[in-house]
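Beneath this line is the structure, given in structure tokens, with notes to follow.
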Amino acid sequence: MKDLIVQKYGGSSVGDIEKIQNVAKRIIKTKKSGKNVVVVVSAMGNTTDELIKMAYSISDRPIERELDALLSTGEQISISLLAIAIENMGHEVISLTGAQCGIITSNKHFKARINEINTQRLESELSQGKIVIVAGFQGINKENDITTLGRGGSDTTAVALAAALKAELCQIFTDVEGVYTADPRIVPDAKLISEISYDEILELASLGVKVLHPRAVELAGNHKVPIEVRSSFTENKGTLIKEEVKMEKVLIRGISLDENIGKISVLEVPDKPGIAFKLFSSLAEADIHVDMIVQNVNRQSVNDITFTVALDELQDAIEVAQKFAFEVDAQKVLYDRGVSKLSVVGSGVVANAEVASKFFETLFQLGINIQMISTSEIKISCIIDKDRGKEAMKFMHQKFNM
Ligand code: ADP
Ligand code: ASP
Ligand code: MG
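Residue numbers for the sequence shown follow this note's numbering, beginning at 311 and rising by one.
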């Protein structure tokens, strides 16, 4: 659709009534500039965390279907309040839940993927000149049950709508000025990146830079949706994400710290073919995404296998690992929530031996023990003690002189 902009406002941008009024004014300004506007909003402030806490205070394993029904209410509060604010300022507006705006997802609760968007309702409301406010992070599956898209999933809703409606731009409004070389709340002298390509931001997002959801970046890259990440509190331009960017060649683009991971070790696994296959295929069957893997060759005929998963999948992964350990007669399963993953990302990582050398030297100077290492063309990551993560990121940023 011509002259269409999709805007997304995150939880901190709609944290209270005053902020909602402020967001309403910004949306109206865009509408008055002659654009059609679709707005995606997240739940207010920490609402999603609070809802999760309530569910887990009742049960260790809340039923997934009901958990999704519960979580989706957070976004429904924001869309209706925002619509009330916009109407009160004299503009035509309608709020829509994921289901009402035709967002059809896979069945998997809590981490559903958007399969299709039936845009008729959206297009009809837009053609009547209305501002359309959509609840982020949710959809419905083929059974008509409410699903959610995984933490931070409102970004994905926004990009998916921008792609489906062929919007000219998707703006992600948040509580920082854009994408920085490291989390600006942890590294105060981190630098704002003015333009970045889909590939580089995808790597950063997948490594835990939470300013954008990785799935949103993937979708944007596939559909060539240009994205602007910027502050909802200022008028500054922020970061532009697109295919081709005019960037000076740099060795390191950014440093990320992922604190949302857990580590599992299966000790004294028999050393024979097919064992790793058995463990990792069971994890895959349980739909658990495994990140880093290390196998230490140990004493005669046994190994230790260690791997990491997202924290919210740790409990399920432990259960799969324990069942596996029992079946293959491994010694035991250990796990650790107190770890984080520190990574440096940039196109110069693998070609320049000095990057790896400096990375390890920095950790050595801080006396930080490295538990696991992995590398690719454009990144080096290691698992370290969570208590030392922020300090390591700050020092690393300084060392690489970013
Ligand atoms: P929202 O509620 O708007 O979705 P999020 O909390 O999901 O906001 O994401 C914004 C946060 O991402 C920032 O407050 C910042 O602390 C964090 N962040 C981590 N790494 C970066 C980075 N490299 N650049 C910008 N922000 C980052
Ligand atoms: N409210 C959801 C969350 O907190 C989705 C989002 O904010 O993007 O994860
Ligand atoms: Mg977010």
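We put the CB at the ideal spot given by N, CA and C, even for glycine.
What residue range is occupied by the uninterrupted alpha helix (DSSP H) comprising L361? Start at 1 with the first residue of the sequence shown, and residue 361 comes out as number 51. Counting along the chain, the alpha helix (DSSP H) containing L361 begins and ends at T357 to I368.
I'd like to confirm the pairing. Which residues does DSSP put opposite S541 in its beta bridges? Along the sequence shown, read from residue 1 onward, the residue named residue 541 stands at position 231. Note: S541 sits in a beta bridge opposite T484.
Should D359 be counted as a contact of the ligand ADP given a C-beta to heavy atom distance under 8 Å? The residue labelled residue 359 in the question sits at position 49 within the sequence shown. Not under cutoff, so the answer is no.
Looking at A702 and the ligand ZN, is the gap between the Cβ and the nearest heavy atom below 8 Å? Here the bound small molecules are the ligand ADP, the ligand ASP and the ligand MG; the ligand ZN is not part of this structure.
Proximity of G488 and L512 at Cβ, strictly below 9 Å: In the sequence shown, the residue the question calls residue 488 occupies position 178. In the sequence shown, the residue the question calls residue 512 occupies position 202. No, these two residues do not count as a Cβ contact at 9 Å.
Within this structure, are the beta carbons of L432 and C411 separated by less than 9 Å? In the sequence shown, the residue the question calls residue 432 occupies position 122. In the sequence shown, the residue the question calls residue 411 occupies position 101. Yes.
Determine the DSSP secondary structure at I693, reduced to helix, strand or coil. Position 383 of the sequence shown, counted from the first residue, corresponds to residue 693. Strand.
7 Å Cβ shell around A334 - same chain, five flanking residues per side excluded: In the sequence shown, residue 334 corresponds to position 24, counting from 1. Excluding residues within five positions, the ones whose Cβ falls inside 7 Å are L392, A395, I396 and M399.
Compute the Euclidean distance between the alpha carbons of L529 and D313, then round it to the nearest angstrom. For the purposes of this step, residue 529 is taken as residue 219 along the sequence shown, with counting starting at 1. For the purposes of this step, residue 313 is taken as residue 3 along the sequence shown, with counting starting at 1. L529 and D313: Cα-Cα distance of roughly 21 Å.
Please report the distance separating the alpha-carbon of I373 from that of S382. By one-based count along the sequence shown, residue 373 stands at place 63. By one-based count along the sequence shown, residue 382 stands at place 72. Their Cα atoms are separated by approximately 14 Å.
Endpoints, the beta strand (DSSP E) within which K573 is located: Indexing the sequence shown from 1 puts residue 573 at position 263. Annotation: the continuous beta strand (DSSP E) that includes K573 extends over G564 to P580.
Same chain, Cβ closer than 6 Å to I349, neighbours up to 5 away in sequence not counted: Walking along the sequence shown from the start, residue 349 turns up at place 39. A small fix is needed here, since residue 349 is Val in this sequence, not Ile. Excluding sequence neighbours, V349 sits near Q317, I337 and I443.
How is the alpha helix (DSSP H) around M706 delimited, first residue to last? Residue 706 sits at position 396 when you count from the first residue of the sequence shown. Element bounds for M706: G699 to K709.
Does DSSP classify E376 as helix, strand or coil? Taking the sequence shown and counting its residues from 1, the one referred to as residue 376 is at position 66. Of the three classes helix, strand and coil, the one that applies to E376 here is helix, per DSSP.
What are the boundary residues of the alpha helix (DSSP H) that E528 is part of? Here residue 528 refers to the residue found at position 218 when the sequence shown is read from its first residue. P524 to H533 is the extent of the alpha helix (DSSP H) around E528.
Option in K534, I414 and M706 with minimal Cα separation from K724: Absent from the model: residue 724. The displayed extent of the chain is 311 to 712, so no value can be given.
Using 8 Å as the threshold, is the stretch 357-365 in touch with the stretch 465-480, meaning 3 or more CB pairs across them? no
Assuming D370 and H419 form a contact by the criterion Cβ under 8 Å, report the distance between their Cβ atoms to the nearest whole angstrom. Here the question's residue 370 lines up with position 60 in the sequence shown. Here the question's residue 419 lines up with position 109 in the sequence shown. Incorrect: roughly 16 Å between the Cβ atoms, too far for contact.
For Q386 and T407, which I take to be in contact (beta-carbon distance under 8 Å), what is that distance rounded to the nearest angstrom? As a working mapping, residue 386 is identified with position 76 in the sequence shown. As a working mapping, residue 407 is identified with position 97 in the sequence shown. With a Cβ gap of about 6 Å, Q386 and T407 count as contacting.
Tell me the DSSP secondary structure of I683 in three-state form. Residue numbering aside, residue 683 sits at position 373 when the sequence shown is read from its first letter. Reduced to three states, the DSSP call for I683 is strand.
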